[in-house]
Structure formats: structure tokens, C-alpha cells
């Protein structure tokens, strides 16, 4: 018997059709047995003879076979129905799990988008506010420390170097400035 992939609904439909066919055949056999029995009874009346025991035995065997077939068909139908119901429950559970997974993935994606958006907003703020009160405070401190008679060239170079360090600390990861500065420290 070749196996084929079918949906649960198709399997139920095929089982129903097979069951209907079996029931129709069983009904036909029962009708045939009844006809044989009636014919035998009529012959018995007409011939005024007893129906041979062999005929009764054959009839009994046929009835037993029909009952066995009906019982087996019912068992197969019940087994198949319970398996189909189990598969249906598994399918529904799988569908629910996939739905839950999609919801979780959507939440994760939304959280990542919010995080990326916040990081982008922070990066834009850092780029817009390179000269902050913090950097201005350190620049004025450096100016005051070098105003005690040392060269203006050294003072300017030191301020540039300090501003570069602050810019590197506040710039996004992976960003390196394109310009370089030389620090000259007088003796």
C-alpha cells in the first residue's frame, strides 16, 4: 500500500469514504445472507425437508465473519480518529508556538530598533555638542595652567591636543579623526 501525504481533513474524508464503502459491502453481504436464508427456508417448506446442518454452519460462519469485519473496521476507525485528533492537537500546539515565537521576535526587533534609535540620537547629540561645558572647563584650566609666562604656541598646541582627546572619548566607537596634531613641549 503506497503512502501519500494528505491533510487531516483529506484523511478524515478518505476514512469516512472507506468506512461508508465497508458498511455498504457489509450491508450487501447481510442482505445476501438473508436472501439465502429465506430461500433455504422456502425450499424447506416446499420440499418439506430439513435444512441441512452444513448450510446453517455456513450461514453462521458468514455472520461471524461479518461481525469480525465490522468490529475490525470500527477499531481501525477509532484508532485512526484518535491519531488524527492527536495530530490535530500537535498541529495546533505547533501553530501556537510559531505564533508566540513571531510575537517574541517582533518584540526583540522593536527593542533593537528602539535601542538603535536611542544610540543614533545619542551620537547625533555628541556630534552637535562637541564643545560642551565639560570641554570648555578643561580648556580654561589648561589655559590658566600655562598662562604663567610659557609660550603661546605651547598653550595653543596643548588645547588642541586636549580637545582631540575629548572628541575621541565622546565620538562613536570605531570613529577616528582624520587630522593629527603635534604636541610641542618647551624645555
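Numbering (the numbering used here), first residue to last: 1314 to 1500.
Glycine residues also receive a C-beta, built at the ideal position from the N, C-alpha and C atoms.
inquiry  = Rounding to the nearest angstrom, what Cα-Cα distance links residue 1340 and residue 1376 in this structure?
reply    = 11 Å
request  = Tell me, to the nearest whole angstrom, how far the beta carbon of residue 1390 is from that of residue 1332; I am working on the premise that it is less than 8 Å.
outcome  = Contact between residue 1390 and residue 1332 holds, with the beta-carbon distance rounding to 6 Å and staying under 8 Å.
query = Using DSSP with H/G/I as helix, E/B as strand and the rest coil, what is residue 1393?
reply = helix
task = Assign residue 1346 to one of three DSSP states: helix, strand, or coil.
result = helix
request  = Answer yes or no: do residue 1394 and residue 1328 have a C-beta to C-beta separation smaller than 9 Å?
outcome  = yes
message = Checking 9 Å against the spacing of the C-beta atoms, do residue 1322 and residue 1379 come in under that value?
response = Taking 9 Å as the Cβ cut-off, residue 1322 and residue 1379 do not qualify as a contacting pair.
inquiry  = Taking the alpha carbon of residue 1369 as the reference point, which residue from 1386, 1422 and 1346 has its own alpha carbon closest?
reply    = 1346
inquiry  = Assuming residue 1325 and residue 1397 are in contact, meaning their beta carbons sit under 8 Å apart, how far apart are those beta carbons, in whole angstroms?
reply    = A Cβ-Cβ distance of about 6 Å is found for the pair residue 1325 and residue 1397, placing them in contact under the 8 Å criterion.
task = Would you mind stating whether residue 1352 and residue 1386 have Cβ atoms separated by less than 9 Å?
result = Going by C-beta atoms, residue 1352 is not nearer than 9 Å to residue 1386.
ask   = What is the C-beta distance between residue 1349 and residue 1383, in whole angstroms, given that I count them as a contact (C-beta under 8 Å)?
value = At roughly 19 Å, the Cβ-Cβ gap does not stay under 8 Å, so residue 1349 and residue 1383 are not in contact.
inquiry  = In whole angstroms, give me the CA-to-CA distance for residue 1436 and residue 1419.
reply    = 25 Å
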